[in-house]
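Remarks on the structure that follows.
Protein chains: 2
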Amino acid sequence: MRNRLIPNIWPIKKLVLVTMKHRVTLKDIAQRLGITVTTVSKALKDYPDISKKTKEAVRELAAQLKYQPDSQALALRGSKSYTIGLIIPEIVHFFFSNVINGIMNYLETKGYRLLITLSNNSTELEAKQVNLLFGNKVDGVLVSLANETVDVGHFKLLSEYDIPLVMFDKVNLDFNCQKVIIDDVAGGYIATKHLISKGCKRIAHIRGPKSPLNAIGRYEGYLKALEEAGLDADPSLVKSCKLVNLEEGYEFAKILLHSPAPPDGIFAVTDQVAVGVLQAAKELGVKVPQKLKVVGFSDSLIAQVAEPALTTIHQPGYEIGEAAARMLIETIEIAEEKGEYMAVSDQFILPTYLIRRKSS
Amino acid sequence: MRNRLIPNIWPIKKLVLVTMKHRVTLKDIAQRLGITVTTVSKALKDYPDISKKTKEAVRELAAQLKYQPDSQALALRGSKSYTIGLIIPEIVHFFFSNVINGIMNYLETKGYRLLITLSNNSTELEAKQVNLLFGNKVDGVLVSLANETVDVGHFKLLSEYDIPLVMFDKVNLDFNCQKVIIDDVAGGYIATKHLISKGCKRIAHIRGPKSPLNAIGRYEGYLKALEEAGLDADPSLVKSCKLVNLEEGYEFAKILLHSPAPPDGIFAVTDQVAVGVLQAAKELGVKVPQKLKVVGFSDSLIAQVAEPALTTIHQPGYEIGEAAARMLIETIEIAEEKGEYMAVSDQFILPTYLIRRKSS
DNA sequence: CTGAAAGCGCTTACAG
DNA sequence: CTGAAAGCGCTTACAG
Chain X
16 MRNRLIPNIW PIKKLVLVTM KHRVTLKDIA QRLGITVTTV SKALKDYPDI
66 SKKTKEAVRE LAAQLKYQPD SQALALRGSK SYTIGLIIPE IVHFFFSNVI
116 NGIMNYLETK GYRLLITLSN NSTELEAKQV NLLFGNKVDG VLVSLANETV
166 DVGHFKLLSE YDIPLVMFDK VNLDFNCQKV IIDDVAGGYI ATKHLISKGC
216 KRIAHIRGPK SPLNAIGRYE GYLKALEEAG LDADPSLVKS CKLVNLEEGY
266 EFAKILLHSP APPDGIFAVT DQVAVGVLQA AKELGVKVPQ KLKVVGFSDS
316 LIAQVAEPAL TTIHQPGYEI GEAAARMLIE TIEIAEEKGE YMAVSDQFIL
366 PTYLIRRKSS
Chain V
16 MRNRLIPNIW PIKKLVLVTM KHRVTLKDIA QRLGITVTTV SKALKDYPDI
66 SKKTKEAVRE LAAQLKYQPD SQALALRGSK SYTIGLIIPE IVHFFFSNVI
116 NGIMNYLETK GYRLLITLSN NSTELEAKQV NLLFGNKVDG VLVSLANETV
166 DVGHFKLLSE YDIPLVMFDK VNLDFNCQKV IIDDVAGGYI ATKHLISKGC
216 KRIAHIRGPK SPLNAIGRYE GYLKALEEAG LDADPSLVKS CKLVNLEEGY
266 EFAKILLHSP APPDGIFAVT DQVAVGVLQA AKELGVKVPQ KLKVVGFSDS
316 LIAQVAEPAL TTIHQPGYEI GEAAARMLIE TIEIAEEKGE YMAVSDQFIL
366 PTYLIRRKSS
């Protein structure tokens, strides 16, 4: 449990009866102008069959009263809510916050709102959020799957109702929807190849869990680079994280560096893990980059701050978010225009690249 | 401009006509059961005047058809949307993502949804978001003010319509609403006092911009600690950031350390700035903590990763978010219950504490 | 050029 | 115990 710093009852100092001021509606404008709601509605939407005079009067009064259309009424009537749902595994995360930033800035330009929900990496909660977003009549959904999610059946609800879905980063390639991912294989390949070019002969890989595609892809890239260089892929040099955090990096690095034939290079699945490696190396007096070269993955803030600064693979979070949002909105709008829509499996792959720093 | 990695048109592979499956409504249930919408509605809400038999039949069919009430219709009718609006200056930010996490987890337990918007630290955009959230009929608003925001007149719209508002972290103390803040004065005081206790005699402060209350409070705490210890407050030892980033910390530290009478301790307004100080010190060969002791503020991830690990003031982001959300929801629900509400100025202050690491 | 009417999906006071 | 009716705020096909 978290600290209960918060008292149970807030000191609400006064509660005074106030007539809840009501929002200005079309009716208010109509009444003041002595015309109908119909005419007001049409005037505001610039229908050609309304007189210039009326239009002007309506617009002026609307501006004066700061009229704002009721989005709920609009959504109820028009079957479009201008709201997009997002399901994200966690929010305290450099990469994901960049993704969200990209999503929000894109949606802002398009006049869509973002309803954001958390799966906390739980498939059960993820399913619940799908239902919640469906109940909220979002026009589309963006999701990065929970780590533990294998079966994606809970997303079928969306396809059944023709609600466009775009998966990003953590995706399920078999599911019939659009996807935005990075080229993890290429990323792992570039990282490993870089270590090889720096003269490493025994390269270890601290990888992610067995099932997420990202972890698999990065591992494949690692193997590919080794093979291409004619280096042996020694299975004892590959360790698999569960939590993918600094501590695991630290522990695995200690094991690797203590082994009879320690590695001279380590490619870690994330920057966090790589920083754990740096800490272990420091503790054991293994000089980085002289005796051990380290490459991370993500290009997060800590990569810059680490000592030595970490060489890493840039993972374009902002662009991924922007691309996913864009893919979704364009799909929504095309479907709208054509009055027809069917989910298709389609993927867009963003490139990654190496950021060279002091650790290699 | 950002990289245009994204093609202009997505390859939408097929678009096939599909009869948009319609959402199941009360009407559907009523028709199948040969009863009225009224009865169905009452049955689902467990009204006492509906027969057990009918209730059971309705519930069963509703479950079978996976009926979900239309939240727009509910909101339109009931004047409650179960949606909270959030306006945040930026999202790629350790502290703010923790705040959001606290907010979301609390709202989740209470069955509220979160509509999240960005001010990008612009007062203009902040005002726009207030209007947007108002138009969306949120039940309440949470905001952390943009750095440049001085005049908060754009929030009056909310009070006019009796929409509860809670400001957190970056607040305006004069505005008539509830606030959740940390004790910045105490934080600055603790940080500075710690440096004094470690033997520092000439303590510099790299502070934030002139207007945000956080920066002012931390600075005041700094002065208070100096005064209490009988140390002179040398104005040449105080530098004021504009962007509050690593680079500014680096630059100011260089100036301070190059001066004729360099400081032996530096209290920086954030961890980012403090890390800049560490980098400058390293470059100039000034040993930390032997020759220079450094304290940051926030307890962000980079504080742990920095070399040496940074002593800092813990700023409880999660708890701030949770407290703000809780304050808001409780206010909403009390107002609802009593049928009356009036904004009151009220503040809740969360404590901070020192995290000792290697930099001091 | 303007307006009456129906309807989106729901709830609730009222009638039977 | 069940249902007809009104209404939340809007839009739009249709009539005048």
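Order-wise, the sequence lines are chains X and V.
Count the first sequence with the working numbering and you get residues 16 to 375, in order.
Count the second sequence with the working numbering and you get residues 16 to 375, in order.
Note that beta-carbon positions come from the ideal geometry of N, C-alpha and C, so glycine has one too.
Could you check whether the Cβ of residue i sits closer than 7 Å to any Cβ belonging to chain X?
i: V/Lys28; result: In this prediction, V/Lys28 has a pLDDT of 34, which is less than 50 and means its spatial position is unreliable; nothing more can be read from the coordinates.
i: V/Asn13; result: Here chain V comprises residues numbered 16 to 375, so residue 13 of chain V is not present and cannot be evaluated.
i: V/Ile131; result: yes
i: V/Leu157; result: no
i: V/Gln83; result: yes
i: V/Val195; result: no
i: V/Val259; result: no
i: V/Ile14; result: Beyond the ends of chain V as shown, which are 16 and 375, falls residue 14 of chain V; an answer cannot be given.
i: V/Leu210; result: no
Taking 7 Å as the CB-CB limit, is residue i close to chain V?
i: X/Val186; result: no
i: X/Met182; result: no
i: X/Asn162; result: no
i: X/Arg128; result: yes
i: X/Leu325; result: no
i: X/Leu299; result: no
i: X/Ala88; result: yes
i: X/Val253; result: no
i: X/Ser112; result: yes
i: X/Leu173; result: no
i: X/Ile317; result: yes
I'd like the list of long-range same chain contacts for residue i, defined as Cβ closer than 8 Å, with 5 residues on each side in sequence excluded.
i: V/Ile218; result: Thr207, Leu210, Ile211, Tyr237, Leu241, Leu246, Leu252, Pro278, Asp279, Gly280, Ile281 and Phe282
i: V/Asn260; result: Gln287, Val288 and Gly291
i: X/Glu263; result: Ile221, Cys256, Lys257, Val288 and Gly291
i: X/Glu141; result: Ile102, Ser134, Val158, Leu160, Ala161, Thr164 and His169
i: V/Leu316; result: Phe109
i: V/Asn116; result: Gly332, Tyr333 and Gly336
i: X/Met357; result: Asp177
i: V/Glu351; result: Lys95
In chain order, what residues of the same chain have a beta carbon less than 7 Å from the beta carbon of residue i, not counting five sequence neighbours either side?
i: X/Val4; result: The requested residue 4 of chain X does not occur in the structure, where chain X is confined to residues 16 to 375.
i: X/Ser96; result: Ala90, Lys152, Val153 and Asp154
i: X/Ala77; result: Ile44 and Leu59
i: V/Val382; result: Only positions 16 to 375 of chain V appear in this structure, which leaves residue 382 of chain V out of reach.
i: V/Tyr82; result: Val39 and Ile44
So residue i and residue j are in contact, right, with Cβ under 8 Å, and what is the actual spacing, rounded?
i: X/Ser56; j: X/Pro104; result: Going by Cβ atoms, the distance from X/Ser56 to X/Pro104 rounds to 43 Å, so no, they are not a contact pair.
i: V/Gly232; j: V/Asp189; result: With 8 Å as the limit, V/Gly232 and V/Asp189 do not qualify as a contact, their Cβ atoms being about 15 Å apart.
i: X/Asn187; j: X/Ala161; result: Going by Cβ atoms, the distance from X/Asn187 to X/Ala161 rounds to 11 Å, so no, they are not a contact pair.
i: X/Val181; j: X/Met342; result: 5 Å
i: X/Leu148; j: X/Leu130; result: 7 Å
i: X/Asp361; j: X/Gln193; result: 5 Å
Would you say residue i touches the ligand ADP, meaning its beta carbon is less than 6 Å from a heavy atom?
i: X/Ile197; result: Judged by which ligands are present, the structure shown has none, so any question about the ligand ADP falls away.
Give me the chain V residues within the contact set of residue i, using Cβ-Cβ distance strictly less than 7 Å, ordered along the chain.
i: X/Ala321; result: Val320
i: X/Val310; result: Correct list: empty, because the minimum Cβ distance to chain V is about 16 Å.
i: X/Asn116; result: Ile106 and Val107
Going along chain X in order, which residues have a C-beta closer than 7 Å to the C-beta of residue i?
i: V/Val290; result: Val320
Starting from the beta carbon of residue i, find every residue of chain V whose beta carbon is closer than 9 Å, and list them in chain order.
i: X/Ser96; result: Gln87
List the residues of chain V that residue i touches, going by C-beta distances under 8 Å, in chain order.
i: X/Tyr121; result: Chain V residues near X/Tyr121: none, gap ~10 Å exceeds 8 Å.
Might you give, ordered along the chain, the residues of its own chain that have their beta carbon closer than 6 Å to the beta carbon of residue i, omitting 5 neighbours on each side?
i: X/Pro13; result: Past the edges of chain X, shown from 16 to 375, lies residue 13 of chain X, and the structure says nothing about it.
i: X/Ser374; result: Val303, Pro304, Val309, Pro323, Leu325 and Thr326
i: V/Leu299; result: Leu272
i: V/Phe183; result: Ser159, Val195, Ile335 and Ala339
i: V/Arg372; result: Ala324, Leu325 and Thr326
Going along chain X, which residues have a C-beta under 9 Å from residue i?
i: V/Leu91; result: Asp85, Gln87, Ala88, Ala90 and Leu91
At a CB-CB cut-off below 8 Å, which residues of chain X make contact with residue i?
i: V/Asn146; result: Gln83
Requested in this report: Note down, one range per segment and in chain order, each beta strand (DSSP E) of at least 3 residues found wholly within the segment 54-81 of chain V.
Outcome: none
Query raised in the report: Along the chain, which unbroken stretches of the alpha helix (DSSP H) at least 4 residues long are found entirely within the segment 265-315 of chain X?
Result: 286-298
Requested in this report: Pick out the complete alpha helix (DSSP H) segments inside the segment 85-151 of chain X, 4 residues or longer, and give them in chain order.
Outcome: 86-93, 109-125 and 138-150
Query raised in the report: At what residue ranges does the segment 221-248 of chain V contain a whole run of the alpha helix (DSSP H), taking only runs of 4 or more?
Result: Listed in chain order, the complete alpha helix (DSSP H) runs (minimum 4 residues) inside the segment 221-248 of chain V are 228-243.
**Report entry** 3-residue-minimum beta strand (DSSP E) runs that sit fully inside the segment 151-228 of chain X, ordered along the chain
**Finding:** 155-158, 180-183, 193-197 and 218-222
**Report entry** Those runs of the alpha helix (DSSP H) which lie wholly inside the segment 304-371 of chain X and span at least 4 residues
**Finding:** 316-320 and 332-353
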